[in-house]
Structures are given as C-alpha cells and as structure tokens.
Amino acid sequence: MGRASFALAVSLARRFPKSRAGRRRSAVASEKASEEKEESWHRIYAPPVRLKDHRSHRFAVDDPDGLKHLRDEGYVVFREALGPEEVEHATDLFWKYMGLSTQGKVCREDPLSWQSPNWPGQCYNGLINSGGVGQSEFMWYVRTRQRVLEAFASLWQVEPADLLASFDGCCAFRPDARSRTRGGWFHTDQNGLTTGSDFACAQGLVSLTHSDACTGGFAVIPRSHKHHAKIFERWPLERENDFFVLPRSDEMLKAPWEPHLVQMRAGDLVLWDSRLIHCNVPAWHRFDEAPLSEALKSAGLEKAQQALLPELTSVADAAWTFAAHEANLEELFASWGLAPPLLPQVAQQLRAWAEQVAEEQAALAPPHRLSRLAAYVCFAPRPAPEDRGAMRMRLAAALLGATTSHWPTRCVVSDTALSREGLANFKDLDGVALRLLGCEAKDAATARGELRTVLRTLLQRCDGAHLQQLAAIEAEL
Numbered sequence: 221m222g223r224a225s226f227a228l229a230v231s232l233a234r235r236f237p238k239s240r241a242g243r244r245r246s247a248v249a250s251e252k253a254s255e256e257k258e259e260s261w262h263r264i265y266a267p268p269v270r271l272k273d274h275r276s277h278r279f280a281v282d283d284p285d286g287l288k289h290l291r292d293e294g295y296v297v298f299r300e301a302l303g304p305e306e307v308e309h310a311t312d313l314f315w316k317y318m319g320l321s322t323q324g325k326v327c328r329e330d331p332l333s334w335q336s337p338n339w340p341g342q343c344y345n346g347l348i349n350s351g352g353v354g355q356s357e358f359m360w361y362v363r364t365r366q367r368v369l370e371a372f373a374s375l376w377q378v379e380p381a382d383l384l385a386s387f388d389g390c391c392a393f394r395p396d397a398r399s400r401t402r403g404g405w406f407h408t409d410q411n412g413l414t415t416g417s418d419f420a421c422a423q424g425l426v427s428l429t430h431s432d433a434c435t436g437g438f439a440v441i442p443r444s445h446k447h448h449a450k451i452f453e454r455w456p457l458e459r460e461n462d463f464f465v466l467p468r469s470d471e472m473l474k475a476p477w478e479p480h481l482v483q484m485r486a487g488d489l490v491l492w493d494s495r496l497i498h499c500n501v502p503a504w505h506r507f508d509e510a511p512l513s514e515a516l517k518s519a520g521l522e523k524a525q526q527a528l529l530p531e532l533t534s535v536a537d538a539a540w541t542f543a544a545h546e547a548n549l550e551e552l553f554a555s556w557g558l559a560p561p562l563l564p565q566v567a568q569q570l571r572a573w574a575e576q577v578a579e580e581q582a583a584l585a586p587p588h589r590l591s592r593l594a595a596y597v598c599f600a601p602r603p604a605p606e607d608r609g610a611m612r613m614r615l616a617a618a619l620l621g622a623t624t625s626h627w628p629t630r631c632v633v634s635d636t637a638l639s640r641e642g643l644a645n646f647k648d649l650d651g652v653a654l655r656l657l658g659c660e661a662k663d664a665a666t667a668r669g670e671l672r673t674v675l676r677t678l679l680q681r682c683d684g685a686h687l688q689q690l691a692a693i694e695a696e697l
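Each step along the sequence shown adds one to the number in the working numbering, with nothing skipped, and position 464 is 684.
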C-alpha cells in the first residue's frame with residue numbers, strides 16, 4: 221500500500237464518532253475470541269434451508285405502496301428502474317470494465333476466460349468488490365440512472381442532488397459449475413449492538429438479468445427486520461463489523477419463517493432494509509434439498525460426517541466444493557479434520573455428485589451468458605455541511621479508485637485500484653454525479669475544482685504506482 225492509501229485508511233478510521241472509539245478498542249481486543257465464538261455458532265449442523273417459490277410484486281418507482289411494502293416486508297422490487305436500452309448499455313460497460321481491469325484476461329466472447337484466477341472478486345458468493353469496480357464507468361452509469369435516484373430520493377424525502385452514493389461493487393454468477401455461489405449464508409448488514417436495531421439504511425441492487433430459481437439471485441426472509449434486536453440478544457457480537465451471518469441453528473432458518481428468492485426482471489431495482497436477513501443464493505438444484513448427513517450415511521461414509529457437516533449442509537454443497545477445490549481437496553479436507561484414510565472414498569463420492577450436478581446444470585444454463593449480473597447501489601442523505609472532513613475523505617477515496625461498503629456516510633474502503641483502466645473519467649461525470657460522489661458544489665466546474673484541491677494534497681503524499689495514477693487524473697480535471 222502506498223503512503224496515500226495508508227494515510228487515507230488512517231484518516232478514515234479517525235473520522236468515526238468519538239462515542240464509538242471505546243467500543244472499537246474493546247472490539248479489537250476481543251477480536252480473536254469473538255471470531256472463535258462465531259465460528260462455533262456456525263458449526264452447529266442444520267438441514268438446508270428450503271426457499272419458498274414466490275413471485276414478488278413489482279411496483280412502479282413512483283408508487284407510494286412500494287415504500288409501504290419496504291417498511292412492512294423489509295424489501296421492495298421497483299420495476300424497470302433501467303429500460304431495455306439502459307440494461308444493454310450497462311451490461312456492455314460491465315464487460316468493458318472486466319476486460320480493461322484484467323488487462324484483457326477476461327473476454328466477453330470467450331467463456332473459457334471467465335475462470336478463476338482471471339475473474340476478480342469472490343467466487344464463493346459472486347461478489348466483485350475490488351479492482352476499482354466501485355469507481356468504474358459501469359457502476360457510475362447505473363448509479364446515475366434517473367429512476368434509481370428517484371427511488372432513493374423518495375425514500376429519504378430529499379432531492380436527488382442531496383443524496384450521497386456508496387462506492388459499492390457488483391455481483392456476477394458465472395454459468396460454470398466450478399464457479400457456483402455458496403448458498404445458505406443468510407446475514408444482516410446491521411450490527412444491533414453498535415449501529416442499533418432502528419432503521420438506519422436501505423440497500424439496493426439493480427438486476428441486469430432476469431432472476432428466478434433457475435438462475436439464482438437475491439433471497440430474503442420477509443419481515444425479519446422487525447425482529448432484528450432479538451437476533452443480537454441470541455447472538456451478541458463483540459465487534460463493530462455490521463456484517464453478521466445467521467448461525468445455522470437460528471430459529472429464523474426454521475418454520476414458520478419462509479425464506480424466498482426475490483424474482484426480478486432485467487432492469488428491476490430492489491431495495492431492502494439493512495436489518496433484513498438476506499443473501500445471494502445459487503441456481504436451485506435437487507441436491508440442495510438433500511441433507512449431506514443422510515447422503516453420507518447412505519454411501520457408508522458416516523465416519524466423514526464429523527469433519528464435513530460443520531462445513532457443508534447439503535449434497536449440493538459437497539458437489540460444488542469438489543468442483544471448486546478438486547486440485548487442493550486433500551489439503552482442504554485435512555484442514556477440516558478428515559482422516560486421511562477416508563479421503564479417497566469421500567473424494568470419489570463427491571466427484572460423482574459433482575458430475576451429476578454439472579451435467580444437469582449444463583442443460584439449463586447457457587455457457588456463453590452470465591447467470592446473473594447485478595449492480596449494488598445505496599444512497600443516503602448528505603451529512604451536515606460542517607462535516608467537510610468526511611467529504612474530503614470520500615473525494616480522496618474516489619481519486620484513489622476506492623470501492624467501499626454499502627454505507628454511503630461511512631466510507632469504509634475495501635480496496636483501491638491499481639490503475640485507472642475501466643474507471644470512470646471525472647470529466648464525464650455531471651454535476652449531479654459529482655454531488656453524489658461528495659462534492660459540495662452543484663455545478664460540475666466548481667465541483668471538479670474541489671477534486672483538484674484534494675488531488676494536490678494526495679500528490680504531495682503519495683509515491684510509486686499511486687503517484688503515476690493520480691498524475692493521470694489531472695488531465696481529467
């Protein structure tokens with residue numbers, strides 16, 4: 221990390237309110253113990269969660285009943301936030317970004333190039349939150365679509381120019397079996413013990429593909445946001461991180477709760493309360509509802525249950541694990557505590573399941589098209605004018621090509637870009653976009669002047685690759 225990135229990270233940390241500083245020190249001190257506790261929560265085996273077959277109502281962006289649905293159910297689908305031509309253009313920009321940011325290793329016309337390690341992001345959940353994607357031309361195009369901004373402006377009762385955007389990334393599901401996203405990681409993005417259990421944020425995503433049980437997508441537990449405080453009474457966190465995966469034994473993963481996949485059409489926008497329990501889920505397969513415990517017993521592999529069940533819940537989990545980790549399966553299973561003599565038999569059985577899944581999925585998923593593509597969007601009202609330090613941090617983050625969490629007002633940086641390839645050109649951003657970025661001025665010329673001021677400070681403090689990258693931005697401003 222160059223000095224500029226390090227200084228940015230330190231400065232961002234210092235921008236947290238003083239009332240949270242003590243909690244942060246306490247959280248850091250107990251981080252290891254907290255992680256061990258949470259790991260123990262997740263090693264309690266439970267059968268796979270069955271998703272309810274549900275067709276969500278799609279509201280018009282200007283329909284007030286949509287926001288009522290958000291309050292009551294915890295999520296809402298707004299139809300056609302992007303029109304067909306906008307969806308097509310956004311998709312083209314995604315592939316343009318992928319090609320440029322990977323130096324041509326990923327090619328839209330060559331599905332074989334979509335394999336890891338060419339493909340950025342996290343293959344186990346489909347998320348792409350690195351490589352500067354948060355500042356990509358693709359993401360800025362989606363963020364600045366009129367109906368996307370109108371939906372958030374209506375939610376917060378402000379004008380679009382008075383919103384602040386997160387620098388979030390996107391999600392892509394590839395059709396290859398080895399890239400299948402993990403299922404069952406239902407979570408909330410709001411820590412009840414630090415952020416609290418009142419409404420704090422509405423997250424969003426724009427789906428650029430149709431999504432249903434055959435593609436996988438976004439799953440929710442409706443109305444779970446109303447029981448948010450009780451979750452943290454059952455599972456008290458000892459850290460500030462807002463991300464929390466629901467333990468497998470939690471009552472919300474059992475009846476009468478009914479998790480379901482939110483079906484969407486290309487161009488739809490879904491908003492959800494950050495307290496809501498939700499996750500990405502892969503395309504459905506019959507093995508998803510086959511408990512691994514029973515399958516191992518039927519195969520005469522009961523002795524493997526102790527090592528595998530804390531990590532995997534269904535036969536589908538086991539099959540996808542083999543597909544993704546065949547090359548290092550022995551090392552992986554050893555880390556789980558599987559006895560070496562059992563490895564050949566277990567590997568053989570997992571291979572058979574993986575081959576069945578791959579054969580059946582190939583008949584459903586076109587190999588030349590992504591199963592799912594979604595852009596994460598989140599906006600919140602701008603903070604008080606006197607908090608200019610926080611806004612300068614956002615401008616610095618944008619100049620460094622940062623991707624952040626979904627919280628617009630916190631600027632929690634997850635990654636900064638190594639180059640400007642595929643990133644938005646600042647001279648192409650209009651006044652509204654620059655306001656969403658964090659500039660105070662409403663006209664583009666004055667806003668770019670604010671960016672130049674922050675850029676000069678960064679140029680004085682950075683070196684190496686960041687110096688070259690930042691120097692190139694001067695021409696854009």
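For every residue, glycine included, the Cβ atom is placed at its ideal position computed from N, Cα and C. Keep in mind it's a predicted model, so treat the numbers as computed, not measured.
Distance check for residue j and residue i, CA to CA, integer angstroms please.
i: Gln525; j: Leu516; result: 7 Å
i: Leu491; j: Ser634; result: 22 Å
i: Val440; j: Gln342; result: 21 Å
i: Trp540; j: Ala392; result: 17 Å
i: Val378; j: Asp282; result: 14 Å
i: Leu369; j: Val465; result: 29 Å
i: Trp556; j: Thr401; result: 20 Å
i: Phe406; j: Leu675; result: 40 Å
i: Cys390; j: Phe553; result: 31 Å
i: Ser356; j: Ala653; result: 13 Å
i: Pro587; j: Arg275; result: 26 Å
i: Ala233; j: Met359; result: In this prediction, Ala233 scores a pLDDT of 37, lower than 50, which makes its location untrustworthy; the coordinate-derived value is nonetheless stated afterwards. Roughly 25 Å between the two C-alpha positions.
i: Asp650; j: Glu575; result: 51 Å
i: Arg640; j: Asp312; result: 18 Å
i: Met318; j: Gly642; result: 8 Å
i: Phe314; j: Arg592; result: 12 Å
i: Asp683; j: Ile693; result: 15 Å
i: Glu293; j: Pro564; result: 47 Å
i: Ser374; j: Ala381; result: 12 Å
i: His277; j: Cys327; result: 36 Å
Mapping DSSP to helix, strand and coil, what is residue i?
i: Ile348; result: strand
i: Phe298; result: strand
i: Leu643; result: strand
i: Arg245; result: With a pLDDT of only 40 at Arg245, under the threshold of 50, the placement of this residue in the model should not be trusted, and no figure is reported.
i: Pro560; result: helix
i: Ser250; result: Its pLDDT being 46, under 50, Ser250 is placed unreliably in this model, and the coordinates cannot settle the point.
i: Arg278; result: strand
i: Gln689; result: helix
i: His505; result: coil
i: His430; result: coil
i: Asp635; result: strand
i: Phe464; result: strand
i: Asn411; result: coil
i: Gln568; result: helix
i: Gly539; result: Per the sequence shown, the amino acid found at residue 539 is Ala instead of Gly. Looking at Ala539 - three-state DSSP - the assignment turns out to be helix.
i: Gln526; result: helix
Once you ignore the five residues that flank residue i on each side, which residues in its own chain have a CB closer than 8 Å to its CB?
i: Lys523; result: Ala559 and Leu562
i: Phe279; result: Asp285, Gly286, His289, Val296, Val297, Phe298 and Arg299
i: Ala385; result: Arg363, Val597, Cys598, Phe599, Pro628, Leu656 and Leu657
i: Ala691; result: Leu679
Around the Cβ of residue i, are there at least 16 other Cβ atoms within 10 angstroms (buried) or fewer (exposed)?
i: Pro304; result: exposed
i: Thr673; result: exposed
i: Phe463; result: exposed
i: Leu332; result: exposed
i: Gly669; result: exposed
i: Asn645; result: exposed
i: Gly324; result: exposed
i: Gln689; result: buried
i: Ala695; result: exposed
i: Pro442; result: buried
i: Ala366; result: Note on identity: in this sequence residue 366 is Gln, with Ala being the wrong assignment. Exposed.
Less than 6 Å between C-beta atoms, sequence neighbours within five positions excluded: which residues of the same chain meet that for residue i?
i: Phe452; result: Gly412 and Leu413
i: Asn349; result: Gly389, Thr623 and Ser634
i: Lys272; result: Glu478 and His480
i: Leu570; result: Ala538 and Phe542
i: Trp504; result: Ala433
i: Ala617; result: Cys631 and Val633
i: His430; result: Arg485 and Ala486
If you drop the 5 nearest sequence neighbours on each side, which residues of the same chain put their C-beta closer than 7 Å to that of residue i?
i: Pro603; result: Ala610 and Thr629
i: Cys499; result: Trp405, Phe406, His407 and Ala439
i: Val426; result: Ala301, Leu302, Val362, Val368, Leu489, Ala594, Ala595 and Val597
Examine chain D for any beta-carbon lying closer than 8 Å to the beta-carbon of residue i, and answer yes or no.
i: Trp627; result: Although the question refers to chain D, the structure presented lacks it and comprises just one protein chain.
(request) Taking only runs that begin and end inside the segment 305 to 390, name each unbroken beta strand (DSSP E) of 3 or more residues, in chain order. (result) 383 to 385
(message) Suppose only complete runs of 3+ residues qualify. What are the beta strand (DSSP E) ranges in the segment 582 to 626, listed by chain order?
(response) 592 to 597 and 599 to 601
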